[in-house]
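So the sequence lines, in the order shown, correspond to chains A and B.
My numbering puts the first residue of the first sequence at 19, with every later residue one more than the last.
My numbering puts the first residue of the second sequence at 399, with every later residue one more than the last.
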Amino acid sequence: MSFESEVKPIFEKHCIECHGPKKQKSEFRLDDREVALHGGESHAPNILPGKPAESPLLKFVTTADRDTRMPPKGERLTAAEVDTLKRWIAEGAVWPESASLKKTDPLDWWSLKPLAKPALPSGDAAHPIDRFILAKLQEKHLQPSATADARTILRRLNFDLIGLPPTADELAAFEKEAAQDLPAAIGRAADRLLASPRYGERWGRHWLDVVHYGDTHGYDKDKLRLNAWPYRDYVIRAFNDDKPYTRFVEEQLAGDTLYPQTADGHIAQGFISAGPWDFIGHAELPETKLDGKIARALDRDDMVSNTTGAFLATTAQCARCHNHKFDPIKQEDYYRLQAVFAALDKADKTFDVDPDAAKRRAPLVAERTRLDGEIKTLNEKIATADTRRATLIGKIIDELKQGSAAVERLEYGYHSAISKEQSATKWVQVDLGVARELTEVSLTGCHDTYNNIGAGFGFPARYKVELSDDAKFAQGVTIIADFTGADVPNPGVKPQRFALAKLKGRYLRVTATKLALRKNDYILALAELQAVDPKGRNVALGANVTSLDSIEAGPRWGRLNLTDGYFYGPKSERDDARIALLERERTEIRKGSNKVAPADNARLAELNAARAKVAKELAALPAPQVAYVGTIHKGTGSFAGTGANGGKPRPIFILKRGDVSQPDKEVGPGTLPFTKELNSQFDLPADAPEGARRVALARWITDNRNPLTWRVIVNRLWHYHFGRGLSDTPNDFGRMGSLPTHPELLDWLAVDFRDGGQSLKKLHRLIVTSATYRQSSLGNPANEKIDTSNAFLWRMNRRKLEAEAVNDSVLSVAGKLDLTMGGPGFQDFVIDKPQHSPHYEYDQHDVEDPKSHRRSVYRFIVRSQPQPFLTVLDCADPSMSVASRNETVNALQALAMRNNRLTVAMAKHFAARVAKEATTPPAQIDLAFRLALGRPPSTSEAEAMSGYVREHGLTNLCRLIFNLNEFNFVD
Amino acid sequence: MNDSPYHRQSGVTAMNRRDFLFCSGGGLGGIALASLLGQESLLAATPTSGVLHAPAKAKRVVQLFMAGAASHVDMWDYKPLLEKKHGEKWDPGEAVELFQSSPGSTFASPWKFKPYGKSGKMLSDIVAPIGDVVDDIAFVHNIVGRSGVHSQATLLQSTGFLIPGYPSIGAWVSYGLGSLNDNLPTFVVLPDIRGLPSNGQKNWDSAFLPGQNQATQVRVNAPKPIADLSPPPADYITPSGETAGLELLGKLNRAHADSHPGDPRLEARIRSYELAAKMQLAAPDALDLSQESEKTQARYGIDNSTKVWPKEINVAEEQDAFGRKCLTARRLLERGVRFVQIWSGNDNGFPRRNWDSHEDIARDHAPLSLGMAKGTAALIQDLKDRGMFEDTLIIWTTEFGRMPCAQGGKGRDHNPFVFTNWLAGGGIKGGVSHGPSDEWGYKPADRSHFTQGYDIHATVLHLLGLDHEKLTFRHNGANRRLTDVHGHVIKEILA
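The following block contains the structure:
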């Protein structure tokens with residue numbers, strides 16, 4: 019029986035299409051001896067030597083079952099073919115080693131080979147980079163290009179290192195220095211630019227592209243992520259501080275464990291949370307539900323792919339559903355990486371940087387929680403005897419203790435009967451019990467969430483507020499506020515406050531003289547009326563309410579809701595001082611009521627005093643910081659996180675076909691089996707804290723023996739400097755990626771970087787001081803014939819400016835760029851409908867708002883509705899890792915550059931700036947050109963422009979200059 | 399009133415063509431760089447040959463996407479059992495896990511179903527206008543989703559993936575086939591400007607595909623339908639200044655390009671300004687519905703008489719909103735736009751113009767569906783009248799269906815387990831209903847043989863002459879496809 023001539027042809031004819039090199043359905047292939055005899059998803063082994071009847075393979079090819087028969091479509095095996103297979107298996111399924119496809123060593127791939135520093139190629143060049151580049155040019159029969167002129171080089175350096183054009187003074191100084199000694203001038207300029215804070219803004223943005231940073235969650239609702247920015251600032255800071263790369267990696271993956279006593283240690287884990295997050299999938303669906311499981315599995319997938327993509331240029335996520343088709347990554351390896359992040363969620367984290375504060379805060383918070391528990395139990399026992407006011411005070415205290423969690427109660431407010439006439443007069447009034455001295459009265463409008471009507475529902479168009487001792491308001495009436503003369507704009511849920519000069523009275527009445535529109539009819543509705551006494555207490559709380567009429571509908575609408583202390587709106591942060599004040603008042607009320615056992619009241623006072631003391635100590639600690647990071651989350655409801663379990667990682671299973679409903683074997687934490695020198699399984703003790711998993715991963719990545727890490731980062735730098743990496747797939751060093759054009763140079767740089775202090779700035783300097791870097795970008799027909807795409811760098815690549823560089827240059831040239839650094843991102847949009855799913859309205863933003871004239875790296879980045887101007891100019895999409903920006907030229911860009919409100923407005927400022935500094939039209943044209951392009955216009959250019967300026971004005975010329983090719987490219 | 403033409407807003411009143419160019423806006427965007435340049439060196443990003451595998455049955459596509467999940471059992475998928483068991487405990491004989499609620503009682507559709515056309519297809523009253531064209535439609539009733547969460551499910555139908563960051567079907571088609579015109583974009587999206595769908599623009603993203611495949615958004619009936627088509631009001635901008643400025647810009651850029659030879663991008667950028675100018679003319683013309691007869695406008699449900707709509711959701715307003723988009727789509731398709739995507743719904747404000755009828759099916763589905771049906775039927779008829787139906791593919795999509803049981807008495811929860819899509823036009827066999835759902839409309843009748851969004855995508859590409867397994871783009875280590883690793887052409891619905 020010959021496998022080669024009898025069996026193999028059957029496989030090739032019927033099976034190999036789906037179970038061969040192209041596809042491996044059910045992870046099974048019949049071109050690979052190992053897999054054929056032992057592998058396959060759920061039926062392995064499919065071939066049982068000597069037992070044809072029991073071999074699944076034979077069952078599949080013979081069964082009549084439509085769902086399982088093989089091949090599923092097309093011609094079935096003939097009886098003779100089946101017989102051949104049967105005999106072959108019966109005879110022991112002999113499959114000679116030689117008959118299999120030639121097995122290659124999966125680690126035999128350039129990027130996985132151990133890293134060693136190659137010798138410099140021979141040559142005259144002093145600079146190591148030039149040695150490698152020139153050697154390759156020679157080999158390919160390519161001629162290097164001449165050195166570019168000084169102006170071109172400084173513009174190149176400027177855009178490259180800081181993303182902004184040089185000023186006229188900088189250019190003049192550089193040209194002078196360059197005339198003496200160009201390399202030295204470049205070195206000094208590089209040092210100056212690398213020392214500028216603008217450098218971190220420019221290069222930090224590159225890193226933010228790779229990690230897909232954004233300021234909203236994306237997906238459904240796309241809610242704001244208000245505390246993401248500390249990570250963006252961290253990245254900028256790390257570049258500016260030239261943080262050693264190992265530390266940079268460690269902090270982003272495990273800073274909370276390795277460096278908990280630094281702010282960066284916590285904030286850097288914004289790396290883990292940088293990507294999108296499915297709000298609905300977490301906040302509305304618990305982990306027990308299928309869709310909740312899917313959301314969390316995809317979220318971990320985002321963490322894994324961000325990590326392996328950014329640091330390792332590896333597409334581990336391809337192994338989520340099946341073994342990686344090209345690279346040596348098994349499904350199991352991928353799920354081991356998921357296990358590394360299994361305890362984490364993306365969430366706001368509050369942390370102490372000061373270790374002493376952190377140490378002291380924990381027991382104090384625990385003590386406060388303990389006291390609150392005891393207070394609550396005691397209160398529950400005695401609350402039955404409380405007055406309405408005391409009960410309401412208790413409710414407010416409970417809500418304040420919940421902290422910043424927004425409280426939404428059903429009790430909307432008071433709602434009058436419906437009137438057909440808008441001019442009908444309606445009133446509602448509050449009885450304070452006795453005449454009281456008041457310093458302030460406030461009215462707050464309703465918020466109807468149930469019908470999605472929103473804020474200000476039923477707030478009257480015209481009204482007045484009066485105070486009297488007469489319940490009928492027939493005599494002794496003091497007018498507190500009178501808006502009956504003209505309509506007032508609806509204040510929404512903003513409290514309308516009226517200060518009183520210590521007036522005294524028992525009844526407060528609100529009279530509407532022009533009602534609010536409901537549907538086609540009219541009403542008066544109010545959420546809350548508060549009356550503040552000189553001690554700062556709301557004496558209206560719990561007071562009785564009467565009115566002309568009222569709909570009294572369920573919990574939502576009722577008179578007493580007007581004095582229940584509740585109205586919609588952002589609730590204050592946990593306010594311990596106010597809690598103490600309210601507790602004192604409650605104790606007083608209880609004392610007065612005589613219904614509470616004195617011992618209980620006394621014990622309560624004791625507990626409250628103890629609580630106040632703890633609260634005071636807490637208040638004395640330095641304020642904690644907040645950042646949105648990958649962290650142990652302790653939440654309530656569906657989005658519970660692992661915090662309640664002490665951060666115990668969730669169990670991670672290999673998912674068949676990536677399907678959460680088909681869990682297979684459980685796996686522990688580990689990494690990719692990419693090098694034999696390092697163990698890819700983390701042999702951590704069972705009780706190791708979860709952070710140990712991330713530390714192990716970070717240590718594996720930053721190990722000197724990791725073949726990828728060092729190559730990947732130097733290649734990224736090279737990519738941004740030249741517009742193309744030495745491997746031009748900076749996010750994929752696997753078999754689907756591109757081979758490096760200069761593998762030896764890449765390795766030389768990687769080792770030099772790894773062993774030479776891991777300083778990015780040093781590497782930048784090395785690159786920009788090479789002769790390769792200072793070549794002209796002009797074409798050369800002879801070279802183009804050999805290397806059209808300039809893969810071998812016989813010239814510099816002309817670069818189309820990225821979206822941010824265009825935007826920032828426009829602002830800079832117009833004299834409007836604000837260089838304020840850091841902090842929350844500026845919002846160049848207006849948010850409509852913030853309560854449910856925010857609409858981000860860019861059109862409504864005022865382009866003259868100076869807040870939006872900061873560098874675009876500080877922009878608030880929305881995922882679902884990306885900024886239109888920058889998006890048209892190919893800025894990075896924050897929903898995916900962008901290792902290399904798309905660079906397109908299209909008509910939408912032309913329209914945006916000409917007609918966008920920003921360029922149209924900035925042209926005016928540019929013109930004003932020019933007109934201020936130069937008076938005659940020729941001088942203005944000259945200056946405008948110098949500011950924008952760093953050179954004076956040629957005679958013919960100046961001539962062409964002067965006619966245009968004469969007829970259509972300087973501003974139109976300034977707008978035109980923004981549209982020049984020369985403005986939008988850097989040579 | 400400012401009389402300057404630059405301050406006037408879009409409208410369909412008598413305005414001369416030149417004024418219109420400045421005021422309203424028109425569309426433009428992705429013109430294939432290939433046609434823009436004709437340069438080999440920049441074509442690396444176009445698909446490899448062999449993608450066009452078969453004679454195309456259709457040249458262009460219009461996709462109608464109901465965001466929020468339209469209810470199959472209230473529109474297309476008649477279930478007599480629901481009427482029989484209405485109000486009884488709903489028991490499909492297995493544990494049911496719903497998105498938001500626990501299953502309520504069996505809930506018959508609030509609307510009556512009647513047979514239509516030669517095929518006798520049962521349609522509900524809220525899609526009655528479709529009855530006139532029902533024999534042109536192939537329904538697929540056994541689509542199974544992969545998520546009951548709007549965001550992921552919408553992305554799955556729009557891009558083929560559950561997570562953002564992948565190109566939309568329109569971008570893929572643009573990438574695969576390029577442009578049919580030289581003054582309008584290849585891929586146009588007409589969003590529901592009252593509220594974008596889940597994930598917003600991620601649903602019509604070009605993601606990693608070259609930027610010329612990005613969608614151009616046209617906000618139908620908005621003051622400025624297309625961003626940056628014309629300059630904003632500015633005291634220094636005049637028509638003559640614009641003309642002279644473009645000329646001077648071209649001249650300066652040309653001189654610059656001449657002194658920097660060998661870089662096709664410089665040339666491309668000069669051409670892009672010329673193209674932009676062409677689009678400034680073509681787009682307002684394409685969007686000017688006043689060029690259509692009153693009869694045509696009425697056919698689409700467009701109501702020019704009502705200036706202020708009632709606050710409540712209502713049929714007339716929904717007809718007007720959807721009809722305008724359908725008529726705009728026809729005008730764009732006529733002018734060579736390759737892929738038009740129309741969105742309906744997903745406003746989360748009040749009223750809730752959103753197919754996500756958890757609270758009240760009758761309140762929201764009736765106006766939305768009647769509005770959709772009128773415009774859709776008119777579009778199909780109109781395309782037929784103009785001889786364009788044979789090579790235009792019309793696809794009706796939603797991210798999932800709704801449950802046969804009630805939520806809170808009057809609403810329905812999500813049903814990703816089975817729902818309906820339909821197709822019509824070029825290469826589609828009309829009057830068929832493929833792949834039944836079970837008697838409840840809860841899951842596919844045959845649970846081991848069902849249809850997925852991938853199959854719809856594969857079928858669409860197939861009819862356009864594209865092999866869904868061969869239309870790929872290398873990104874971050876994988877040859878990406880619209881259909882990921884799935885997808886089978888649904889042969890049963892092909893003509």
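All residues carry an ideal CB built from backbone N, CA and C; glycine is no exception.
For this session: Check whether the Cβ of Gly428/B lies closer than 8 Å to any Cβ atom in chain A.
Result: Counting from one through the second sequence, the residue named residue 428/B turns up at place 30. Model confidence at Gly428/B stands at a pLDDT of 30, short of 50, so the residue's coordinates are unreliable; what they give is reported in the following sentence. Yes, Gly428/B counts as interfacial toward chain A.
Problem set entry | Secondary structure of Ala423/A, DSSP reduced to three states | Counting from 1 along the first sequence, the entry for residue 423/A is found at position 405. For Ala423/A, the pLDDT reaches just 42, beneath the cut-off of 50, and the residue's location in the model is therefore unreliable, leaving the point undetermined.
Exercise. If you draw a straight line from the C-alpha of His32/A to the C-alpha of Leu696/A, how long is it?
Worked result: The residue labelled residue 32/A in the question sits at position 14 within the first sequence. The residue labelled residue 696/A in the question sits at position 678 within the first sequence. Straight across, the Cα-Cα distance linking His32/A with Leu696/A is about 42 Å.
Exercise. Taking all protein chains shown into account, do 16 or more other C-beta atoms lie within 10 angstroms of the C-beta of Ala633/A, making it buried, or fewer, making it exposed?
Worked result: Within the first sequence, numbered from 1, the residue matching residue 633/A stands at position 615. By the neighbour-count rule (16 or more Cβ atoms within 10 Å), Ala633/A is buried.
For this session: Check distances from the C-beta atoms of the region 855-880 of chain B to those of chain A and list, in chain order, the residues that come in under 8 Å.
Result: Those would be Arg872, Asn874, Gly875, Ala876 and Asn877, in chain order.
Exercise. Since Val483/A and Val452/A are thought to touch, with beta carbons under 8 Å apart, how far apart are those beta carbons, to the nearest angstrom?
Worked result: Along the first sequence, read from residue 1 onward, the residue named residue 483/A stands at position 465. Along the first sequence, read from residue 1 onward, the residue named residue 452/A stands at position 434. Contact flag wrong, Cβ pair sits at about 20 Å.
Exercise. Given that Thr973/A touches chain B, what residues does it touch there, using C-beta distances under 7 Å?
Worked result: Translated into the one-based positions of the first sequence, residue 973/A becomes position 955. The answer, in chain order, is Tyr634.
Exercise. Using a beta-carbon distance below 8 Å, is Asp309/A in contact with chain B?
Worked result: In the first sequence, residue 309/A corresponds to position 291, counting from 1. At least one CB of chain B lies nearer than 8 Å to the CB of Asp309/A.
For this session: Could you check what DSSP says for Glu115/A in three-state terms: helix, strand or coil?
Result: On the first sequence, position 97 is the one that residue 115/A refers to. DSSP places Glu115/A in helix when its eight states are reduced to three.
For this session: Answer yes or no: do Gln156/A and Asn801/A have a C-beta to C-beta separation smaller than 8 Å?
Result: Taking the first residue of the first sequence as position 1, residue 156/A is located at position 138. Taking the first residue of the first sequence as position 1, residue 801/A is located at position 783. In this structure, Gln156/A sits away from Asn801/A, with a CB-CB distance that is not shorter than 8 Å.
Exercise. Whose C-beta lies closer than 6 Å to the C-beta of Leu164/A among residues of the same chain, with five residues either side of it excluded?
Worked result: Residue mapping note: residue 164/A aligns to position 146 of the first sequence, counting from 1. The sequence as given places Ala at residue 164/A; Leu does not occur at that position. Hits under 6 Å: Ser794.
Problem set entry | Boundaries of the alpha helix (DSSP H) in which Gln779/B is found, first to last residue | Counting from 1 along the second sequence, the entry for residue 779/B is found at position 381. For Gln779/B, the enclosing alpha helix (DSSP H) starts and ends at Ile759 to Asp783.
Exercise. With burial defined as no fewer than 16 other Cβ atoms inside 10 Å of the residue's Cβ, what is the status of Glu398/A: buried or exposed?
Worked result: Within the first sequence, numbered from 1, the residue matching residue 398/A stands at position 380. Burial call: exposed.
Exercise. What does Ala625/B reach in chain A if we use C-beta pairs closer than 7 Å?
Worked result: Translated into positions along the second sequence, residue 625/B becomes position 227. Near Ala625/B (Cβ distances below 7 Å), the residues of chain A are Pro886.
Problem set entry | Cβ of Arg953/A within 8 Å of any chain B Cβ | Position 935 of the first sequence, counting from 1, holds the residue named residue 953/A. By this cut-off, Arg953/A is not an interface position.
Exercise. If we cut at 8 Å on Cβ distances, does Phe848/B have a partner in chain A?
Worked result: Against the second sequence, residue 848/B aligns to sequence position 450. So, not an interface residue.
For this session: Within its chain, find whatever has a CB closer than 6 Å to the CB of Leu578/B; leave out the 5 residues flanking it on each side and keep chain order.
Result: Stepping through the second sequence from its first residue, residue 578/B is reached at position 180. The residues are Gly734 and Arg736.
Exercise. When the cut-off is 8 Å and only beta carbons count, does Pro997/A lie next to chain B?
Worked result: Here chain A comprises residues numbered 19 to 989, so residue 997/A is not present and cannot be evaluated.
Exercise. CA-CA distance, Arg878/B and Thr870/B?
Worked result: Your numbering for residue 878/B matches position 480 in the second sequence. Your numbering for residue 870/B matches position 472 in the second sequence. It is roughly 5 Å from the alpha-carbon of Arg878/B to the alpha-carbon of Thr870/B.
Problem set entry | Start and end residues, alpha helix (DSSP H) containing Val890/A | Position 872 of the first sequence, counting from 1, holds the residue named residue 890/A. Unbroken alpha helix (DSSP H) run through Val890/A: Pro886 to Val890.
For this session: Would you identify the three-state DSSP class for Ala443/B, choosing helix, strand or coil?
Result: Your numbering for residue 443/B matches position 45 in the second sequence. With a pLDDT of 36 at Ala443/B, under the threshold of 50, the modelled position of that residue is not reliable, and the figure given next carries that caveat. In the structure shown, Ala443/B adopts helical secondary structure according to DSSP, grouped into three states.
Problem set entry | Limits of the unbroken beta strand (DSSP E) element including Gln550/B | Position 152 of the second sequence holds residue 550/B. Premise fails: Gln550/B lies in the alpha helix (DSSP H), His548 to Thr557, not in any beta strand (DSSP E).
Exercise. Nearest to Ile567/B by CA position, among Lys600/B, Thr726/B, Ser688/B and His873/B, is which residue?
Worked result: Residue mapping note: residue 567/B aligns to position 169 of the second sequence, counting from 1. Nearest in C-alpha terms to Ile567/B, of all of Lys600/B, Thr726/B, Ser688/B and His873/B, is Lys600/B.
For this session: Determine the direct distance from the alpha carbon of Gly833/A to that of Phe928/A, and round the result to whole angstroms.
Result: Translated into positions along the first sequence, residue 928/A becomes position 910. Translated into positions along the first sequence, residue 833/A becomes position 815. Whole-angstrom Cα-Cα distance: 7 Å.
Exercise. Any C-beta of chain B sitting closer than 8 Å to the C-beta of Lys120/A?
Worked result: Looking up residue 120/A in the first sequence gives position 102. Bear in mind that the predicted position of Lys120/A carries a pLDDT of just 47, short of 50, making it too unreliable to give a figure here.
Problem set entry | Chain-ordered neighbours of Gln610/B on chain A, where CB pairs are closer than 8 Å | Counting from 1 along the second sequence, the entry for residue 610/B is found at position 212. Here the neighbours are Thr906 and Asn908.
For this session: Find the nearest neighbour of Ser897/A within the set Asp345/A, Val228/A and Phe150/A, judged by alpha-carbon distance.
Result: On the first sequence, residue 897/A is found 879 positions in, with the first residue counted as 1. Ser897/A has its Cα closest to that of Val228/A, out of Asp345/A, Val228/A and Phe150/A.
Problem set entry | Nonlocal neighbours in the same chain, by C-beta distance under 7 Å from Ile804/A, ignoring five residues either side | The sequence position of residue 804/A within the first sequence is 786, counting from 1. For Ile804/A, where only same-chain residues beyond five positions count, the Cβ hits under 7 Å are Lys158, His159 and Leu160.
For this session: Look at the alpha carbon of Ala620/A and the alpha carbon of Lys609/A, and state the distance between them as a whole number of angstroms.
Result: Within the first sequence, residue 620/A is the residue found at index 602, counting from 1. Within the first sequence, residue 609/A is the residue found at index 591, counting from 1. Straight-line Cα distance between these residues: approximately 10 Å.
Exercise. Mind checking Ala941/A: buried by the 16 CB within 10 Å criterion, or exposed?
Worked result: Counting from 1 along the first sequence, the entry for residue 941/A is found at position 923. Label assigned to Ala941/A: exposed.
For this session: Name the two residues that bound the continuous beta strand (DSSP E) containing Phe516/A.
Result: Along the first sequence, read from residue 1 onward, the residue named residue 516/A stands at position 498. Element bounds for Phe516/A: Gln514 to Lys532.
For this session: Quickly, what does DSSP pair Tyr481/A with across the bridge? List them, please.
Result: Residue numbering aside, residue 481/A sits at position 463 when the first sequence is read from its first letter. Beta-bridge annotation (DSSP): Tyr481/A is paired with Ala530/A.
Exercise. Taking only beta-carbon atoms, is Leu588/B less than 8 Å away from chain A?
Worked result: Here residue 588/B is taken as the residue at index 190 of the second sequence, counted from 1. The beta carbon of Leu588/B does not come within 8 Å of any beta carbon belonging to chain A, so the residue lies off that interface.
Problem set entry | The alpha helix (DSSP H) enclosing Asp260/A, as first and last residue numbers | Locating residue 260/A in the first sequence gives position 242, where the first residue counts as 1. Annotation for Asp260/A: no alpha helix (DSSP H) segment contains it, and DSSP assigns it neither H nor E.
For this session: Determine the closest residue to Tyr481/A out of Arg51/A, Cys976/A, Asp488/A and Ala499/A, with distance taken between C-alpha atoms.
Result: Numbered from 1 along the first sequence, position 463 holds the residue referred to as residue 481/A. Ranking the options by Cα distance to Tyr481/A, first place goes to Ala499/A.
Exercise. Leaving out the 5 sequence neighbours to the left and right, which residues in its chain are closer than 6 Å to Cys464/A when beta-carbon positions are compared?
Worked result: Locating residue 464/A in the first sequence gives position 446, where the first residue counts as 1. Sequence-distant Cβ neighbours of Cys464/A in its own chain, meaning closer than 6 Å and more than five residues away, are Tyr430, Gly431, Phe475, Gly476, Ala543 and Ala545.
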